[in-house]
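Undergrad: Pasting in a structure now, in structure tokens, and then I'll have a few things to ask.
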Amino acid sequence: SDHMENIYGYLMKYTNLVTGWQYRFFVLNNDAGLLEYFVNEQSRHLKPRGTLQLAGAVISPSDEDSHTFTVNAASGEQYKLRATDAKERQHWVSRLQICTQHHTEAIGKNNPPLKSRSFSLASQGSANSPGVQRRLSQNAVSFFSVGHHRLPTGRRVPIVQPDHLVDVREMMSQAEGQQRDLIRSIECLPVSGHLTSLDQDLLMLKATSMATMNCLNDCFHILQLQHASQQKGSLPAGTTISWLEPKISLANHFKNGAAQNFPAEINKPASVREEHSVAEPCQLTREPEEINPDEELEDACDDKEDDLGAVEDQRSVILHLLSQLKLGMDLTRVVLPTFILEKRSLLEMYADFMSHPDLFIAVTDGLTPEERMIRFVEYYLTSFHEGRKGAIAKKPYNPIIGETFHCSWTVPRSDIATGAGSNSSARSPSEQGTPSKDTEGQTGLDCYTVKFVAEQVSHHPPVSGFYAECVERKMCVNAHVWTKSKFLGMSIGVTMIGEGLLSLLEHGEEYTFSLPCAYARSILTVPWVELGGKVSINCAKTGYSASINFHTKPFYGGKLHRVTGEVKQNTTNMVVCRVQGEWNSLLEFTYSNGETKCVDLTKLSVTRKRVRPLEKQGPFESRRLWQHVTESLRDGDINKATEHKRALEERQRNEERLRAETETPWCTKYFLKEGDVWVYHKPLWKTVSAVQTQQTDTN
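Its first residue numbered 1, the sequence shown is counted upward by one per residue in full-length UniProt numbering.
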């Protein structure tokens with residue numbers, strides 16, 4: 001009776017992304033089983049601003065912090081609340097749970113059990129038709145067909161092994177899908193008639209099924225923690241917790257209620273199942289893998305994003321999303337709809353910036369520091385055009401932590417122009433005509449190879465590292481990028497935080513560079529991309545630097561995609577080259593001697609990257625990891641793509657939470673953090689230095 005007293009006080013209530021959190025005065029009315037709130041304590045005598053029936057509700061403390069909790073009513077309405085501290089949250093949660101339990105039990109005593117009611121949730125006929133009748137008690141078993149086994153008296157419960165956890169996760173995934181179908185069936189019922197979506201028994205069924213699944217998820221999480229804590233003492237230093245892979249394919253995993261998929265796997269011989277469960281973790285090793293370029297094939301994938309497709313059909317969804325956002329809001333943690341996605345990962349997009357490897361290799365062929373700086377500026381400005389797939393602005397997949405992407409390019413040596421004069425860089429690769437990119441029949445001695453690897457090294461904040469090298473020319477580039485996106489009204493801005501380092505080992509030169517911001521404009525009509533901001537390129541050894549401005553279009557007039565820049569010698573402050581034009585079409589270079597040169601980006605040939613076939617890729621490699629999402633987008637099945645995407649993201653969140661609670665650090669595969677910079681584990685400058693040292697010692 002002491003716990004059934006009415007309580008009241010101020011809590012913060014979350015309204016939406018626009019309004020955010022607001023203080024409201026809450027009153028728990030135990031007698032009526034209601035949670036009411038008012039604007040403030042002074043307005044308590046007035047009509048409440050909102051009321052929740054607590055019978056059948058679910059009270060859930062949030063795991064995002066120690067202050068937040070949610071109240072999920074049986075009607076489907078939800079309050080997200082925040083107390084001033086953990087103690088106050090516990091006080092409210094315990095009182096609300098006691099009140100909820102009391103009134104839920106009261107309903108059960110005052111109403112007949114569900115099995116005495118006969119109705120059909122699946123029927124499409126009228127409420128009075130014979131098809132509406134069925135015994136719910138029988139179907140309840142089919143909805144949750146998890147067997148109950150009674151343990152012999154006195155026998156201890158065995159420790160749950162990893163294989164058992166995988167089986168449990170599979171069964172829970174099936175149950176969750178069936179529970180979603182149940183909720184959807186109830187919500188699709190009419191609001192009036194013999195059987196409605198507001199039927200008290202059905203509302204109770206919704207609430208209790210939701211509470212059951214929440215309880216099962218909590219129990220499963222406890223089992224994971226138990227297993228991790230048992231293994232923690234015996235694991236070697238640096239060991240990470242691998243994902244618990246389901247034994248069914250993702251394609252089958254999302255056929256809700258398709259129980260026939262599970263026996264097909266279970267009925268396999270035990271040896272096959274054991275081989276599968278053992279082989280999979282071996283593929284998830286975090287040890288660096290040497291990719292054999294001979295296994296890579298020329299990429300045949302060409303997913304241009306020139307069609308609005310589902311974006312045109314989902315305008316109302318975009319409007320709803322925009323209504324939830326606030327100007328300047330960080331979108332890093334906002335889940336955007338699947339239909340705006342490109343069919344590639346962000347890591348692969350970084351690789352596509354290297355689509356002119358002939359220009360990249362030609363940088364080191366400049367005869368003077370001035371030539372090399374100008375060549376690098378030319379390569380830098382031509383990289384962004386091919387990085388975009390089509391004219392429509394779509395968003396690449398957010399990489400999963402630990403995700404990697406590998407590829408390479410082969411460039412015939414005859415396609416690389418060498419310097420022949422003070423301004424030969426002006427007439428280098430892009431002015432030599434369009435070289436043939438058919439390398440069939442070329443031997444390894446006839447071609448240069450540029451290798452590329454990228455890895456998602458952090459999830460919060462989202463940081464990607466990428467590295468490319470041409471061993472034959474002793475040059476490499478290392479970069480890390482933190483993508484930070486913000487909502488700007490009718491556009492979205494993405495800031496690329498981080499820097500890159502180009503090393504020309506033949507000349508002992510290092511060039512540091514930054515990246516421009518990107519903007520998705522006109523997101524309600526035909527979205528398009530523009531770049532903006534000032535970037536710099538510097539070489540400390542030679543004293544040359546470049547300053548480049550990507551101009552955003554002014555509100556009235558002006559050109560799209562305009563870029564200007566200059567290269568100068570810092571010691572004398574003399575400008576040796578100026579550039580102007582559009583970064584996605586035509587660039588004009590003007591040199592200190594008065595010569596000019598135009599580069600038409602639309603006519604520059606693109607070297608296709610070489611990628612390993614899907615079956616040879618590891619489970620964390622981008623194309624294999626996102627293959628089901630990509631296939632669904634190609635087929636135009638947005639719902640299926642969303643399910644696959646959600647599964648990957650949910651798995652990442654669960655593993656991140658598990659690592660945090662077990663204090664297990666994430667170990668990267670290819671990149672190491674040195675201060676604030678992520679560096680490839682085996683950069684060319686270390687390899688070349690080691691070889692030179694060894695040769696010196698030998699001599």
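Even for Gly, the Cβ is constructed at its ideal location relative to N, Cα and C.
I need the straight-line Cα distance from L488 to V494, nearest angstrom please.
TA: For the purposes of this step, residue 488 is identified with residue 488 of the sequence shown, where counting begins at 1. For the purposes of this step, residue 494 is identified with residue 494 of the sequence shown, where counting begins at 1. Spanning the two alpha carbons is a distance of roughly 10 Å.
Undergrad: Quick one, are the C-beta atoms of G532 and T512 less than 8 Å apart?
TA: Here residue 532 is taken as the residue at index 532 of the sequence shown, counted from 1. Here residue 512 is taken as the residue at index 512 of the sequence shown, counted from 1. No, Cβ-Cβ distance for G532 and T512 is not below 8 Å.
Undergrad: Determine, using beta carbons only, whether G543 and N570 come nearer to each other than 8 Å.
TA: Residue 543 sits at position 543 when you count from the first residue of the sequence shown. Residue 570 sits at position 570 when you count from the first residue of the sequence shown. Yes, these two residues count as a Cβ contact at 8 Å.
Undergrad: Hey, would you say S60 sits closer than 8 Å to F69, going by beta carbons?
TA: Locating residue 60 in the sequence shown gives position 60, where the first residue counts as 1. Locating residue 69 in the sequence shown gives position 69, where the first residue counts as 1. Yes, Cβ-Cβ distance for S60 and F69 is below 8 Å.
Undergrad: In or out: E42 buried (at least 16 other Cβ within 10 Å) or exposed?
TA: Locating residue 42 in the sequence shown gives position 42, where the first residue counts as 1. The sequence shown places Gln at residue 42, not Glu. When all chains shown are included, Q42 counts as exposed.
Undergrad: Taking the CB atoms as reference points, tell me whether L81 and L54 lie closer together than 8 Å.
TA: On the sequence shown, position 81 is the one that residue 81 refers to. On the sequence shown, position 54 is the one that residue 54 refers to. Taking 8 Å as the Cβ cut-off, L81 and L54 do not qualify as a contacting pair.
Undergrad: Under a Cβ-count criterion, where at least 16 other Cβ atoms within 10 Å of its own Cβ denotes burial, should P462 be classed as buried or exposed?
TA: The sequence position of residue 462 within the sequence shown is 462, counting from 1. With 16 or more Cβ atoms within 10 Å of its Cβ, P462 is classed as buried.
Undergrad: Quick check: the Cα distance between T382 and A351, rounded to an integer number of angstroms?
TA: Along the sequence shown, read from residue 1 onward, the residue named residue 382 stands at position 382. Along the sequence shown, read from residue 1 onward, the residue named residue 351 stands at position 351. Roughly 14 Å between the two C-alpha positions.
Undergrad: In terms of residue numbering, what span does the beta strand (DSSP E) encompassing V450 cover?
TA: Within the sequence shown, numbered from 1, the residue matching residue 450 stands at position 450. V450 -> beta strand (DSSP E) spans C447 to S458.
Undergrad: Closest by CA to L203, which one among A32, L189, L505 and E298?
TA: Residue mapping note: residue 203 aligns to position 203 of the sequence shown, counting from 1. Ranking the options by Cα distance to L203, first place goes to L189.
Undergrad: Opposite A92 in the DSSP bridges: which residues?
TA: Here residue 92 refers to the residue found at position 92 when the sequence shown is read from its first residue. Looking at the sequence provided, one finds Trp at residue 92 rather than Ala. Bridge partners of W92: none, in fact.
Undergrad: Report the three-state DSSP secondary structure of P369 (helix, strand or coil).
TA: What you label residue 369 is simply residue 369 of the sequence shown in a count that begins at 1. Here P369 sits in helix by DSSP.
Undergrad: Contact defined as beta carbons within less than 8 Å: I believe V377 pairs with V567. What is the distance between those atoms, to the nearest angstrom?
TA: The sequence position of residue 377 within the sequence shown is 377, counting from 1. The sequence position of residue 567 within the sequence shown is 567, counting from 1. Sure, about 6 Å apart at Cβ, within 8 Å.
Undergrad: Report yes or no: do the region 495-507 and the region 364-378 share at least 3 C-beta pairs separated by less than 8 Å?
TA: Contact between the region 495-507 and the region 364-378 is present, because at least three Cβ pairs lie under 8 Å.
Undergrad: Between I7, E289, Q174 and S209, which has its C-alpha nearest F671's C-alpha?
TA: Residue mapping note: residue 671 aligns to position 671 of the sequence shown, counting from 1. Measuring from the Cα of F671, the nearest candidate turns out to be E289.
Undergrad: Find the nearest neighbour of R24 within the set D415, Y79 and G56, judged by alpha-carbon distance.
TA: As a first step, residue 24 must be located in the sequence shown, where it is residue number 24. Out of D415, Y79 and G56, Y79 has the C-alpha closest to the C-alpha of R24.
Undergrad: Candidates G500, E472 and L216: which alpha carbon is nearest H480's?
TA: The residue you call residue 480 lines up with position 480 of the sequence shown. It is G500.
Undergrad: What separation, rounded to the nearest whole angstrom, lies between the Cα atoms of E661 and T212?
TA: As a working note, residue 661 is residue 661 in the sequence shown. As a working note, residue 212 is residue 212 in the sequence shown. If you take the alpha carbons of E661 and T212, they lie about 24 Å apart.
Undergrad: Closest by CA to R96, which one among D167, V606 and N30?
TA: Residue mapping note: residue 96 aligns to position 96 of the sequence shown, counting from 1. The amino acid at residue 96 is misidentified as Arg; the sequence shows Leu. With distances taken between Cα atoms, L96 lies closest to N30.
Undergrad: Whose CA, out of P613, S622 and N639, lies closest to the CA of residue 703?
TA: In this structure the chain extends from 1 to 699, so residue 703 is not present and cannot be described.
Undergrad: When you measure from the CB of K597 to every non-hydrogen atom of the ligand ZN, does any distance come out below 7 Å?
TA: Absent from the structure shown: the ligand ZN. Ligands present: none.
Undergrad: Could you give the uninterrupted runs of the beta strand (DSSP E) lying entirely in the region 494-549, keeping only those of 3 residues or more?
TA: Within the region 494-549, the complete beta strand (DSSP E) runs of at least 3 residues are 509-513, 517-521 and 528-539.
Undergrad: Find out if the Cβ-Cβ distance for the pair S485, E403 is shorter than 8 Å.
TA: Against the sequence shown, residue 485 aligns to sequence position 485. Against the sequence shown, residue 403 aligns to sequence position 403. No, Cβ-Cβ distance for S485 and E403 is not below 8 Å.
Undergrad: Please state the DSSP three-state secondary structure of D600.
TA: Indexing the sequence shown from 1 puts residue 600 at position 600. Reduced to three states, the DSSP call for D600 is strand.
Undergrad: For N292, name the three-state secondary structure that DSSP assigns.
TA: As a position in the sequence shown, residue 292 is number 292, starting the count at 1. Correct three-state label for N292: coil.
Undergrad: With respect to the alpha helix (DSSP H) encompassing H644, which residues constitute its N-terminal and C-terminal limits?
TA: Translated into positions along the sequence shown, residue 644 becomes position 644. Per DSSP, H644 belongs to the alpha helix (DSSP H) from I638 to E661.
Undergrad: With DSSP as the reference, label F254 as helix, strand or coil.
TA: One-based indexing of the sequence shown puts residue 254 at position 254. Reliability of the predicted coordinates at F254 is poor, the pLDDT of 33 falling under 50, and the value obtained from them is presented with this limitation in mind. The answer is coil: DSSP assigns F254 none of H, G, I, E or B.
Undergrad: Helix, strand or coil for Y670, going by three-state DSSP, please let me know.
TA: For the purposes of this step, residue 670 is taken as the residue at position 670 of the sequence shown. Of the three classes helix, strand and coil, the one that applies to Y670 here is coil, per DSSP.
Undergrad: Rounded to the nearest angstrom, how far is the Cβ of V453 from that of S464, given a contact under 8 Å?
TA: Here residue 453 refers to the residue found at position 453 of the sequence shown. Here residue 464 refers to the residue found at position 464 of the sequence shown. Going by Cβ atoms, the distance from V453 to S464 rounds to 11 Å, so no, they are not a contact pair.
Undergrad: To the nearest angstrom, how far is the alpha carbon of M475 from that of W482?
TA: The residue you call residue 475 lines up with position 475 of the sequence shown. The residue you call residue 482 lines up with position 482 of the sequence shown. For M475 and W482, the distance between alpha carbons rounds to 24 Å.
Undergrad: Kindly indicate which three-state DSSP category K47 falls into: helix, strand or coil?
TA: Sequence index remark: in the sequence shown, residue 47 carries index 47 (1-based). Note: K47 maps to coil in three-state DSSP.
Undergrad: Quick one: give me the first and last residue of the beta strand (DSSP E) that Q569 is part of.
TA: To locate residue 569, count along the sequence shown from 1; it is residue 569. Counting along the chain, the beta strand (DSSP E) containing Q569 begins and ends at R562 to Q569.
Undergrad: For the alpha helix (DSSP H) that F353 lies in, which residues bound it at each end?
TA: Here residue 353 is taken as the residue at index 353 of the sequence shown, counted from 1. First-last for F353: undefined, no H or E at that position.
Undergrad: I'd like to know whether the C-beta atoms of P554 and V535 end up nearer to each other than 8 Å.
TA: Translated into positions along the sequence shown, residue 554 becomes position 554. Translated into positions along the sequence shown, residue 535 becomes position 535. No.
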